[in-house]
Each structure stands twice: as C-alpha cells, then as structure tokens.
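Here the structure comes first, spelled out in structure tokens, and everything after it is commentary.
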Amino acid sequence: MIAPFSRIAASDPLRARLILLAGLWIVAIIAMSLLSPYFLRASTVPYLLQYVPVLGLLGLGQTLVVLAGGPGIDLSVGAIVSLVSVVVGALLAAGLNIWMACGAGLVAGALFGLINGVLVNYLGIPSLMATLATMFAYGGLALATTNGQPFSNFPAQFAWLGQGQTFGLPNAFLFVLLPIATILHVMLTRTVTGRHIIACGNDDRAAHLSGLDVARIRTGLYVLSGVLAAIGAIIAMSWFMAARPDAGKGMELLAVTIAVLGGTHIFGGTGGVPGAIVAILIVTTLQIGLQLANISAAWQLGVIGILLIGSVASIGGFKLRWRTSS
Amino acid sequence: MTTLTDPRPGFRFVSPTASREIALTLTIIVVGALFSFASPHFLTVNNLVQTLRAGLELAIVSGGMTLVIIMGGIDVSVGGILAVSAIVIGKAYQAGLPVFAVAPIGLLTGTILGSFNGFLTAKLKVPPIVATLGSMYVFSAIMFLVIGGAWIAGLPGTLSPLVNGAVGYVPASAIVILAVYLSCWIILRRLPFGRHIYAIGCNEQSARLVGINVDRTKIITYAILGFLAGLAALLYVARMRNVEINMGTSIAFEAIAATILGGTSIRGGIGSLLGTLLGVVFIRIMQNGLVLVGISSLWETVIIGGLLIVVLTAEALANRRKGRPS
Chain P
1 MIAPFSRIAA SDPLRARLIL LAGLWIVAII AMSLLSPYFL RASTVPYLLQ
51 YVPVLGLLGL GQTLVVLAGG PGIDLSVGAI VSLVSVVVGA LLAAGLNIWM
101 ACGAGLVAGA LFGLINGVLV NYLGIPSLMA TLATMFAYGG LALATTNGQP
151 FSNFPAQFAW LGQGQTFGLP NAFLFVLLPI ATILHVMLTR TVTGRHIIAC
201 GNDDRAAHLS GLDVARIRTG LYVLSGVLAA IGAIIAMSWF MAARPDAGKG
251 MELLAVTIAV LGGTHIFGGT GGVPGAIVAI LIVTTLQIGL QLANISAAWQ
301 LGVIGILLIG SVASIGGFKL RWRTSS
Chain U
1 MTTLTDPRPG FRFVSPTASR EIALTLTIIV VGALFSFASP HFLTVNNLVQ
51 TLRAGLELAI VSGGMTLVII MGGIDVSVGG ILAVSAIVIG KAYQAGLPVF
101 AVAPIGLLTG TILGSFNGFL TAKLKVPPIV ATLGSMYVFS AIMFLVIGGA
151 WIAGLPGTLS PLVNGAVGYV PASAIVILAV YLSCWIILRR LPFGRHIYAI
201 GCNEQSARLV GINVDRTKII TYAILGFLAG LAALLYVARM RNVEINMGTS
251 IAFEAIAATI LGGTSIRGGI GSLLGTLLGV VFIRIMQNGL VLVGISSLWE
301 TVIIGGLLIV VLTAEALANR RKGRPS
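Sequence lines, in order, name chains P and U.
First residue of the first sequence: 1, per the working numbering; consecutive thereafter.
First residue of the second sequence: 1, per the working numbering; consecutive thereafter.
Below, the structure is given as structure tokens:
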C-alpha cells in the first residue's frame, strides 16, 4: 500500500516537469513560427535534428553526473570535445583508418572522464573545482598542442555519420542519439544500476550503508560522460569535416543548462532522460528559430539564461513553501 | 547579539593556511628567476610595471571573488558584469557626461548586477553556480544587444592616471590594488560583517541559527564583488579607452583560479586575501614570462589547469591524513 503510493509521489514532480517542458517547447515552436515564415516547414525537422545529437549527448552525460548527486557536475565536457577532436584529427591525419581513430577517441574520452571521476570521488575534490581545473587543462592542451590550427582533409566516407541521412533523418540522430537515449532511459528506470544511481543521488550515506560503492558508481558516470562527449566530438568532426581545437567551447554551459532545465535536481536524486531530451529540443528550437528569423544570437543567450535561472528558481520556491508550511 | 570572536590566535593577515602563501611566494621567486635567466626583458622595471597594469582588473576582481568564495559561493558571471559596466561607462562618456557622473554610474551598475546575483542565490535559493551561469548568459545578451559587433572607441582617458600614473616611484596601479585589498581586508577581518562571511562559509545553517542575517550578508557580498567589477571596468576603460565585444570572457575563471591557488577553500570558510594576491601575481607572471620566453601563450591555461589539479589533490590528501572529512 505504502510502496506504490511513494513511487507515484516520487515520480510526480518529474511528470509535472515533463508536462511543463512540453508546454514550453510548444510555446517556443509557436513563437519561432510567428518570428520566421521558414520555421514551420517539414524541412526544418531534419535541420533541427542535425543540431540535436552533439548537444544531446553532452546533455545526457551531464544529466547522469548531476543525477548521481555529490553534488556532481562536469564542467569539462566541452574541453573533452575539443581535446578528443584533436586526438582523432591527429590520428586521421597520421593515416590511421577511421574506425581505429574513432576507437582511440572514445578511449581518450573515457580516460579524461576517469581522471575527473577519480579527482572528484576518490580524492574528494569538489566537482565544480576539479572539473574547472580539468576544463583548463584539457581545453588548453587541445589549443596548445595544435597551435590553434584545425585538422581537415578527412576521408570522404567519414561524412556519413554527421552529414548523411537515412529515411530523411540525420544518421547521427537515428543511429547514435536515439539508441543511446533509449538505452540510458531503460537503464535508469528499469535496471538495478539505474536504481543505484538514483539512490546515490538521493542520499549517499544511506546508499553507502546499504552496500553500494557510491564512489565507483559516480566515477563510472564521469567516465560515461567523457565517452558521450567523445562521441559528440566525432559527430561534430564528421559534420564539419574538420577537427577544431576549440570545437567544444561553451558547450559545457549548454550541457549544464540542458540537465538542469530538464528537471534534474542540481543536488541529485531526481531527474531523467525524457526531461533532458525535451530540454535539448527547447534549446535547439530556440537556436534554429532565431537563426532562421535572422535575430541576433544574443537573444538566444538571454533566453537560455532566464530559462536556466527560472527552472531552478521554481524548484527553490516550491521547496521554500513546503518548508515553511511544515 | 554576541560578538563573534576569532577562534584562531589573534587577527592575522595571513590565513591559517599560511604554508600556502609561503609556498606560492617561493614558487613565484623560482619561476621569476627562471624567466629572468631565459629572457633579458623579463626582470626590467618597464616590463614589471606593464605586467602590473595589465593585471589590474584581474587583481581587483579576484579580491571580491575571494570574499564570495570564502562565503561558500561562486560567481562565474563577473566577466559579464565587467563588460556591461564598461558598456554603460562607454555610453555615458559618449552621452557627454563628465567623469564625476560617469564613475558613480559605472560603479552603481556593477553593484546592481552583483546584488542581482546575490538576490538569485539568497532569496530564490538558486545554487550559486547555476544562478551566475544563468546571469552570465543574460549579461552577455545585454552586451551583444547594446553594442552588437561594434566597438565603443575613442573614449576619454580622464581616469588613466589611476592606471598609468605614478606617485614618486610607486606606480598608481599598485596603489589602487593595495587600496582595494586593504578595503577588502578591513571588511573581512575587522568588521563583524567579515566574521559573518566566514561563518556562512563554514556552516550556513549554524550561521542562521546564531542570528546572522544570512540572506542580507550574501546579497551584500555579491554586491561588493559587483562593485569591484564596476571599478575594474572603469579602470579598463581608462586604460584601453575602448570597449570591445569579447572583454571579460576569461576573467571569471582566472579570478577563481587565482583565489583557489591562493589557498581559499572552494568549500568556503577558509581563505586569505594575501594568498589571492599572490595567486594573481603568479598567473600574470606566467602569462607575461611565457610570451617573453617564446612559448606559445596557449600553454598558459594548461599550466594553470595542471597546477590547480596538483594543488587541489595535495589539499585533499592532506585533509585525508588529518582525518578531516574531505
């Protein structure tokens, strides 16, 4: 009797957030189609989905890191994108085949994530500071080792992932983001691992006492975030057919925005994949729409900033009311 | 209300982590010696004074950042505050206002934007990293919307003696920095308000129970940082006599790095202004020296990031040995 009730109660704020986000997305779509006559067309869909995968992967990784609590945050994802681009670009330029180079890129992403995870969870450095430091280090390395020069001249078939389409949908969306998002969603909601992650976020002391290796679980999620950033880097490279050493600049802030806007509590324990996905769609819709309407990117920044503050402030306000009434 | 007494023996300018200041001083001496061996241009009065002038804004902002971080907060939007204040100053000059009017307007702008951050964290309970991330977006939106892609150039240099002048043999920049740090020191170490900042950084809940007005202290502290960012903007305009679109982009992260290198704990409650000042000196000397030695300045972020990782790791290991919860 008590168990199902508490489960409903626990999932309720998430569902409410999802409805709110869907509403916000519809508002964004209406606003954009009023702003630009080009927005509400069938051709916008693949165009929009072209933008979604890279940010989406970073946002999903960030969601999981934040969800597991700590409080966890990964500010280095953008720098990982840049550094992995440089690694893969250099290997391709050295004549390695595509699969080997991309495989090495994924391993590099995992390694960078592992460094973050160890700094935060085993050495106990606050995540904000540790990943700020690695953001400096990774981003700096990407720029310094290449002198800021991009790699290009990749083999033509490399473009399949980032530029190709199947059934009218971008390959990167259909074959990468969609499966990954589905797997992560199933993992979070239907598997023991998912329950463990949420348990760590809710109360790490309780999770520890019930036998979970909290540090290992959280470290694993930093590694996952690094791997997802590496996949994002490969998609971005294949899209532009170039590896820029500043490819991921500013992406960390968007990734945090997506996670928080998507309803993941900044201190962990609540949140999920669907919210993050709708948040990605909202952010991308704003980007594309304002671009089509030829409105300065500044508005986009401003709107995202207000969304970010607003999405957390409402949680704060809600909590405050609850605290004073009890 | 009982007065808060310092639990440490006597009021000192050096923090309980005095070892950090000593280590940093030694590092600066060693690095400085290396640079002066490598380049004949490093240890010249002219070069050092130039470095001092170029580091003026970072030094001023870092002083305020130290107060905020000791309080357990963080402000990544300070570059945005600097930029918006500079724009307001530029526009005020262009409108033909005299410097007596422009200076207060610039300082007021910074203070208002800073207290906006304080309001978000204190009253709306938005975690400081999210709040200031969001307000950074908003501030950069304002900046883009006001000046677009253009520069505001040809501004009067009425205040430039504050940067370029000298009293006897002492550069005016040094006097300004000393005045700012002395004021911050008085706030932090001589006023009850400073005790409140430390108390909130140690344990916010206890501070509230002791009767400290936590919300007001937070808002005022963020406002102080905003005020200092406004001052930095005023001096920036005096020095460069223009306002460019990408000003202030890296100053927030540099100020945080200087503060942490200087021994202030990112968890709050511990920190010293002297350490921060040494951190600023270190960062600026690295920047200047690397260029003179002929190493690409792109390596600078790698070195700062790597050093942050080393310092944070050492701190974490030391805490573990002492048995303090890290």
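Beta carbons are placed, not taken as given, at the ideal position from N, Cα and C, and that holds for glycine.
Query	Result
Residue-chain proximity (Thr66/U, chain C), Cβ-Cβ < 9 Å	Considering every chain present, this structure includes no chain C. Its protein chains are P and U.
Chain P contact for Trp185/U (CB, 9 Å cutoff)	no
Length of the line joining the Cα atoms of Gly194/U and Arg216/U	13 Å
Own chain, CB closer than 6 Å to Leu188/U, minus 5 neighbours either side, in chain order	Gly194
Phe144/U burial status per 10 Å Cβ neighbour count (16 or more: buried)	buried
Endpoints, alpha helix (DSSP H) assigned at Phe42/U	Run containing Phe42/U: none; DSSP gives neither H nor E here.
Buried versus exposed call for Phe151/P [16 or more other C-beta atoms within 10 Å across all chains shown]	buried
Distance between Leu120/U and Gly80/U (C-alpha atoms, nearest Å)	16 Å
For Ala243/P, the residue or residues it bridges with in DSSP	Phe151/P
Residue environment, Leu254/P, which counts as buried when at least 16 other CB atoms sit within 10 Å	buried
Neighbouring residues, chain U, relative to Ala133/P (Cβ below 7 Å)	Gly305, Leu308, Ile309 and Leu312
Cross-strand partners of Pro156/U (DSSP beta bridge)	Looking at the DSSP assignment, Pro156/U forms no beta bridge with any residue, so it has no partner.
Residues of the segment 102-134 of chain P with Cβ closer than 8 Å to any Cβ of chain U, in chain order	Leu119, Leu123, Gly124, Ile125, Pro126, Leu128, Met129, Ala130, Leu132, Ala133 and Thr134
Three CB pairs or more closer than 8 Å across the segment 129-149 of chain P and the segment 76-83 of chain P	yes
Entirely enclosed alpha helix (DSSP H) segments - the segment 237-299 of chain U, minimum 4 residues	251-261 and 273-293
Closer than 7 Å at the beta carbon, the chain U residues around Ile235/P	Result: empty, since nearest Cβ-Cβ is about 24 Å, beyond 7 Å.
Straight-line gap, Trp299/U to Leu83/P (C-alpha atoms, nearest Å)	14 Å
Where Ala130/P sits in the DSSP three-state scheme	helix
Ala131/U: contacting residues in chain P (beta-carbon distance under 9 Å)	Leu308, Ile309, Val312 and Ala313
Residue of Gln94/U, Tyr93/U, Gly134/U and Ser77/U minimising C-alpha distance to Gly110/U	Ser77/U
CB contact check: Phe151/P to chain U, cutoff 9 Å	no
C-beta contact flag for Ile220/U and Cys184/U at 9 Å	no
When Val310/U, Val237/U and Ser140/U are compared against Ala257/U, the one with the closest alpha-carbon	Val310/U
Minimum Cβ-Cβ distance from Asn97/P to chain U less than 9 Å	no
Buried versus exposed call for Asn246/U [16 or more other C-beta atoms within 10 Å across all chains shown]	exposed
Beta carbon of Ile258/P nearer than 9 Å to that of Ala279/P	yes
Pro7/U in three-state terms, based on DSSP	Only weak support exists for where Pro7/U lies, its pLDDT of 49 falling under 50; the coordinates are left without a value.
7 Å Cβ shell around Gly32/U - same chain, five flanking residues per side excluded	Ile285
Supposed close pair Val54/P, Ala236/P - CB separation, criterion 8 Å	5 Å
Contact set between Val260/P and chain U, taken where Cβ atoms lie within less than 7 Å	Val130
Ser6/P, DSSP secondary structure in three states	Unreliable positioning characterises Ser6/P in this predicted model, as indicated by a pLDDT of 48, which lies under 50. A coordinate reading is not provided.
Proximity of Thr270/P and Leu67/P at Cβ, strictly below 9 Å	yes
Three or more C-beta pairs below 8 Å linking the segment 91-101 of chain U and the segment 23-42 of chain U	no
Contacting residues, own chain, Cβ-Cβ under 6 Å from Val210/U (five flanking each side not counted)	none
9 Å Cβ cutoff met for Gly64/U and Gly226/U	yes
Short CB-CB distance (under 9 Å) between Pro141/U and chain P	Note on identity: in this sequence residue 141/U is Ala, with Pro being the wrong assignment. Judged by the 9 Å Cβ criterion, Ala141/U is in contact with chain P.
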